[in-house]
Amino acid sequence: MFTLPALTSDIVVQINAGASKTAPVRRPIEPVGRAFMHHAQRTLRNHTWSEFEKIQASQNVQRVDESKVDPDEALFDTELTDDSLLQHDPRDWKTADLYAAMGLSKLRYRATEPQIIKAHRKQVLKHHPDKKSASGAGLEEDGFFKIIQKAYETLTDSNKRMQYDSCDFNADVEPPKKGSKYDFYEAWGPVFESEARFSKKQPVPTLGGASTKKDEVEKFYTFWHRFDSWRTFEFLDEDVPDDSSNRDHKRYIERKNKAARDKKKTVDIGRLVKLVERAMNEDPRIKQFKEDEKKEKERKKWEREAGARAEAEAKAKAEAEAKLKAEADAKLAANAKADKKKAKEAAKAAKKKNKRAIRSSAKEAEYFGDADKAATIDEQLGHIVDSLDDEQLVSVADKLKADASATKAVLSDAAKALVDAKKLPASMLTYFS
Amino acid sequence: MASPIVGIAFGNTSSSIAYVNPKNDVDVIANPDGERCIPTVLSYVGEDEYHGGQALQQLVRNSKNTIINFRDLLGVPFAECDLSKCSAGAPVVEIDGKAGFVVVRGNGQQERLTVDEVVSRHLNQLKLAAEDYIGQSVAETVVSVPTNFTDAQKKALYAAAEKVGLKIIQLINEPSSALLAHVQDYPFDSDVNVVVADFGGVRSDAAVIAIRNGIYTLLATAHDATLGGDALDAELIEYFAKDFEKKNHSNPRTNAKSMAKLRANAELTKKTLSNVTSATISIDSLADGFDYHASVNRMRYELVANKVLGRFGQFIEDVIAKAELDPLDVSAVLLCGGSSFTPKLSSNLEFLLPESVQILGPQNKNATNYPNELLACGAARQAQLLSNYDAEELAKALEPVVINTEHLKKAIGVVDAEGNFVPVLFAETSFPVKKTLSLKSAKGDLLIGVYEGDHHIKETVREVDPKDGNNKDEDDDESDWSDDDDEPDVIREKHYTLGTKLMELGIRGAQGLEISFNINKSGVLRVAARDLKSGHVVKGEI
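Sequence lines, in order, name chains A and B.
When you line the first sequence up against the numbering used here, it's residues 30 to 462, in that order.
When you line the second sequence up against the numbering used here, it's residues 13 to 554, in that order.
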């Protein structure tokens with residue numbers, strides 16, 4: 030780099046107006062490369078340099094923005110979740126929450142290898158003893174840093190990490206309390222999700238929701254009933270002394286550890302079995318399915334008995350119909366009887382009336398001028414009346430009623446008819462012959 | 013993902029294909045035989061068509077049906093064709109006024125192929141190789157061609173490519189392509205002049221290119237159709253032939269087949285000698301049933317080929333002169349093409365040109381190890397760039413209005429504290445242009461004098477230091493064998509002198525300066541000096 034000469038006179042801007050640059054030459058430039066394409070863009074769109082630079086800068090900013098953000102960063106803890114970790118004794122590092130120490134308390138067993146490395150770098154930058162001593166702390170206050178290193182060592186070794194994850198009870202999700210009110214899916218989903226990390230078989234079926242199909246729910250519970258877990262409890266082992274002086278003691282500790290591990294494993298399996306059993310009992314879908322099944326059964330039974338039921342119904346109907354009919358018949362018969370009686374009585378009354386009319390007819394006709402022979406007329410009339418049958422009585426009575434003046438003729442006709450019919454001897458009807 | 017656009021370097025001797033892979037690296041595509049530098053040869057045996065290395069092998073046994081060196085015949089009237097290069101292969105005949113070849117296919121049937129057809133078939137083979145490699149169909153390409161390719165030749169190439177379903181989106185000049193590929197990996201830190209030398213199989217091309225803000229301007233080009241790898245081969249062949257004749261009293265030069273064998277093996281030996289210092293050549297039954305076996309070291313080869321190698325150096329000097337430049341104006345010589353592997357070529361140039369000139373050959377750590385792949389890589393880079401632009405935009409960009417721009421004749425710069433001229437915009441800078449330089453150390457009241465600069469070469473003769481020895485006799489004795497010659501050393505240096513004063517800007521109390529030079533389309537120069545601390549700006553315009 031060069032230096033500029035000092036300003037001696039009072040110049041601000043002095044243009045040598047008379048001078049002009051040497052005339053330029055026109056030459057073709059090579060149409061290749063990024064610079065040419067930019068040149069072409071500027072020329073074609075008539076951009077000035079500053080405009081073009083602005084456009085380029087905005088494009089660059091976009092590109093940088095896209096590439097800069099690390100999605101992992103958002104998943105790490107921004108600050109230490111448990112401040113007591115800072116005071117934690119590094120010799121007891123096994124009891125510390127290693128994920129929290131690494132700033133991975135949100136991810137835990139889900140953290141990938143690169144994420145662990147990244148998180149470790151971040152924590153080291155923050156908690157390195159050199160850094161701490163700069164802010165006044167002594168160099169020997171490196172307990173937390175030691176824990177971080179231990180955590181890194183554990184979590185980057187796949188075997189050690191498996192053992193640690195097995196005993197990372199902070200990652201367990203407790204099932205909801207019995208008797209409390211809760212949404213089944215919200216409460217149990219995370220429980221199964223956290224338990225699923227121990228499955229040898231992956232992927233693990235999920236709990237699903239209220240609308241999950243029956244076969245899927247059944248598959249889910251079948252899976253969990255036959256759950257194959259890799260969970261081990263070696264991490265909680267008591268440290269085996271590595272002094273060779275006391276071999277028996279060492280073996281004793283080892284045996285004890287193994288027994289403890291087996292016991293814990295058995296307990297864990299039992300716990301899981303109970304957990305699944307409880308979930309299944311509480312699962313509203315299972316209840317629903319049972320109910321549906323019952324309903325279905327009933328419906329089927331109902332359908333099966335349809336034939337017999339129809340028969341019985343038909344029979345009952347026929348019986349009812351027969352009964353009704355009988356009743357109606359009886360009533361009808363009674364009515365008819367009554368009518369008959371009435372008619373009879375009416376006929377009797379009519380007969381009586383007719384007889385009376387005929388008997389009185391002579392009297393009404395004042396015995397046809399033969400009042401002297403009234404007794405004979407009446408007597409003979411009596412004979413006529415008694416001898417006339419019902420029809421004759423009616424016709425005679427009608428004729429008499431119709432024409433009172435012709436009473437004698439009518440009666441004579443009747444007497445004649447009776448004589449002709451030999452019902453009465455003419456001797457008994459002398460007046461009317 | 014859309015299928016990538018491939019870059020093709022179509023040479024007389026060999027062709028290469030390259031594309032930019034999804035990792036943003038340039039991949040030079042190998043054909044199914046694993047050749048990344050595919051010989052531009054087609055050979056016909058019966059019904060079969062051979063291409064690349066397989067076809068090259070046919071040159072010995074089946075030379076009459078093997079087509080070589082056909083690129084330069086494309087689009088040239090038959091009368092103007094230089095047929096000497098094709099003599100080793102299938103004979104050239106005239107078909108419809110164009111060059112063509114007659115080959116014998118199955119059943120003794122003759123097939124007459126125009127050169128256009130041959131080029132089509134060659135491009136088709138390249139296309140197939142690329143598709144095989146990438147796993148996607150390839151439809152578009154950028155092809156690099158020599159700077160002296162005529163419009164008729166370009167048109168013929170477009171048509172030949174179109175025939176096999178390859179759309180050439182741009183033809184680019186070979187030197188620019190090579191430079192593009194080189195700059196991608198080893199960018200120059202300032203504006204420089206570069207000689208791009210393409211030493212190919214049968215011809216050599218050179219171009220002087222000015223790089224100004226990433227824009228390339230061709231200042232001069234030179235072509236030599238007789239200077240190439242085959243000229244080196246010829247020297248070596250002659251050497252071996254003489255050796256063979258001496259040993260066996262049999263002349264291999266009289267027999268075409270012997271010559272073909274010798275040529276193939278001599279070429280191989282030459283290539284080996286580029287990598288190791290000694291190589292053997294062994295040919296069974298070279299002539300009259302005599303086998304030939306010999307060993308040759310690099311020194312011998314360089315001596316044998318000294319004359320031709322010298323021509324390469326001369327060729328570069330000529331092109332610099334043609335551009336009206338001094339070797340000192342050139343910052344680097346970029347070597348490309350297959351013949352640049354020859355180590356002597358680089359060392360010759362290093363010797364010939366001033367120390368300030370970098371020789372960017374395969375021996376230089378600041379250049380690619382594969383100069384023969386540069387052209388294809390550059391084409392691939394350009395292809396990748398073009399994939400972001402649509403055809404219409406590109407067509408507009410290639411119009412003369414855009415391409416022909418004004419270039420500064422003289423450098424423009426400022427005067428430093430010692431009164432020397434410091435160029436900011438070099439000569440041959442195309443404008444419109446904007447260049448900013450920041451001087452963080454500039455403090456206080458300062459004067460910015462903007463001048464045009466004339467540059468010239470200052471030759472100073474360094475006197476031979478008189479020997480400090482007291483004894484004159486001793487001195488004489490020494491001078492007999494001493495390399496310390498009596499000739500004076502001439503030191504040539506490039507200098508600028510102040511030319512026309514354009515303007516002066518004064519700035520007070522500066523706390524670091526940023527000076528920007530901006531020349532717009534109509535040639536108006538604006539100089540603005542901005543105080544980095546206070547943001548105070550002083551502007552001048554001429």
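By construction, the Cβ of each residue, glycine as well, lies at the ideal position given by its N, Cα and C atoms.
Since the model is a prediction, treat every value here as computed from it, not as a measurement.
Residues that residue i bridges to, as DSSP identifies them
i                     : result
residue 537 (chain B) : B:531
residue 468 (chain B) : B:507
residue 315 (chain B) : According to DSSP, residue 315 (chain B) bridges with nothing at all.
residue 442 (chain B) : B:419
residue 324 (chain B) : The partner list for residue 324 (chain B) (beta bridge, DSSP) is empty, contrary to what the question assumes.
residue 19 (chain B)  : B:30, B:154
residue 294 (chain B) : B:305
residue 55 (chain B)  : B:62, B:78
residue 372 (chain B) : B:346
residue 122 (chain B) : B:116
residue 111 (chain B) : B:106
Close beta carbons around residue i, own chain, < 6 Å, minus the five adjacent residues each side
i                     : result
residue 58 (chain B)  : 118
residue 157 (chain B) : 183
residue 281 (chain B) : 291, 293
residue 4 (chain B)   : Here chain B covers residues 13 to 554 and nothing more, so residue 4 (chain B) does not appear.
residue 211 (chain B) : 349, 351, 352
Residue i versus residue j - alpha carbon distance
i                     : j                     : result
residue 180 (chain A) : residue 103 (chain A) : 21 Å
residue 147 (chain B) : residue 37 (chain B)  : 17 Å
residue 196 (chain A) : residue 208 (chain A) : 28 Å
residue 194 (chain B) : residue 155 (chain B) : 17 Å
residue 279 (chain A) : residue 273 (chain A) : 8 Å
residue 130 (chain A) : residue 201 (chain A) : 18 Å
residue 369 (chain A) : residue 361 (chain A) : 12 Å
residue 541 (chain B) : residue 460 (chain B) : 8 Å
residue 106 (chain A) : residue 152 (chain A) : 10 Å
residue 307 (chain A) : residue 315 (chain A) : 12 Å
residue 495 (chain B) : residue 501 (chain B) : In this predicted model, residue 495 (chain B) has a pLDDT of only 49, less than 50, meaning its place in the structure is not dependable enough to derive any value.
residue 317 (chain A) : residue 221 (chain A) : 21 Å
residue 114 (chain A) : residue 177 (chain A) : 10 Å
residue 103 (chain B) : residue 113 (chain B) : 6 Å
residue 407 (chain A) : residue 358 (chain A) : 50 Å
Chain B contact residues for residue i, given Cβ-Cβ distances below 9 Å
i                     : result
residue 43 (chain A)  : 515, 516, 517, 518, 552
residue 54 (chain A)  : 418, 419, 420, 421, 440
residue 173 (chain A) : Near residue 173 (chain A) there are no residues of chain B at all, since even the closest Cβ is about 41 Å away, more than 9 Å.
Chain-ordered neighbours of residue i on chain B, where CB pairs are closer than 7 Å
i                     : result
residue 136 (chain A) : By Cβ distance, chain B contributes nothing, its closest Cβ being about 29 Å from residue 136 (chain A), past 7 Å.
residue 219 (chain A) : Going along chain B, no residue has its Cβ under 7 Å from residue 219 (chain A), so there is no contact; the nearest lies around 40 Å.
residue 227 (chain A) : Here the premise fails: no neighbours, minimum Cβ distance about 39 Å.
Own chain partners of residue i with C-beta closer than 8 Å, once the 5 adjacent residues on each side are dropped
i                     : result
residue 470 (chain B) : 504, 505, 506, 507
residue 68 (chain A)  : 58
residue 89 (chain B)  : 109, 110
Chain A contact residues for residue i, given Cβ-Cβ distances below 9 Å
i                     : result
residue 62 (chain B)  : Neighbours of residue 62 (chain B) on chain A: none; closest Cβ ~34 Å, over 9 Å.
residue 444 (chain B) : 68, 71, 72, 77, 78
Chain-ordered chain A contacts of residue i [CB-CB under 8 Å]
i                     : result
residue 34 (chain B)  : Chain A residues near residue 34 (chain B): none, gap ~16 Å exceeds 8 Å.
residue 401 (chain B) : 66
Contact set between residue i and chain A, taken where Cβ atoms lie within less than 7 Å
i                     : result
residue 228 (chain B) : 58, 59, 61, 62
residue 415 (chain B) : 57, 58, 60
residue 427 (chain B) : 34
residue 373 (chain B) : Simply none; closest approach about 22 Å.
residue 185 (chain B) : 59
Specify whether the segment 308 to 325 of chain B and the segment 379 to 398 of chain B touch according to this definition: at least 3 beta carbon pairs, one from each stretch, less than 8 Å apart.
With the rule of 3 Cβ pairs closer than 8 Å, the segment 308 to 325 of chain B does not count as touching the segment 379 to 398 of chain B.
Using 8 Å as the threshold, is the segment 375 to 389 of chain A in touch with the segment 424 to 436 of chain A, meaning 3 or more CB pairs across them?
Counting Cβ pairs under 8 Å, three or more are found: they touch.
Under 8 Å: do the segment 210 to 229 of chain A and the segment 286 to 294 of chain A share three or more Cβ pairs, one atom per stretch?
Short answer: they don't touch.
Hey, is the segment 218 to 233 of chain B in contact with the segment 248 to 256 of chain B, meaning 3+ C-beta pairs nearer than 8 Å?
Result no; under three Cβ-Cβ pairs closer than 8 Å.
Contact between the segment 222 to 233 of chain A and the segment 243 to 259 of chain A is defined here as three or more beta-carbon pairs at a separation below 8 Å; is this criterion met?
In short, these stretches touch, since the Cβ pair count reaches three.
Check whether the segment 532 to 546 of chain B touches the segment 511 to 522 of chain B, taking contact to mean three or more Cβ pairs, one atom from each stretch, closer than 8 Å.
With the cut-off at 8 Å, the segment 532 to 546 of chain B and the segment 511 to 522 of chain B touch.
Say whether the segment 25 to 42 of chain B touches the segment 357 to 374 of chain B, bearing in mind that this needs 3 or more beta-carbon pairs closer than 8 Å, one atom from each stretch.
In this structure the segment 25 to 42 of chain B does not lie against the segment 357 to 374 of chain B, because fewer than three pairs of beta carbons, one per stretch, are closer than 8 Å.
Does the count of Cβ pairs from the segment 432 to 441 of chain A and the segment 386 to 394 of chain A closer than 8 Å reach three?
Yes, they touch.
Any 3 or more C-beta pairs closer than 8 Å across the segment 438 to 454 of chain A and the segment 403 to 417 of chain A
Per the Cβ contact rule, the segment 438 to 454 of chain A is in contact with the segment 403 to 417 of chain A (3 or more Cβ pairs under 8 Å).
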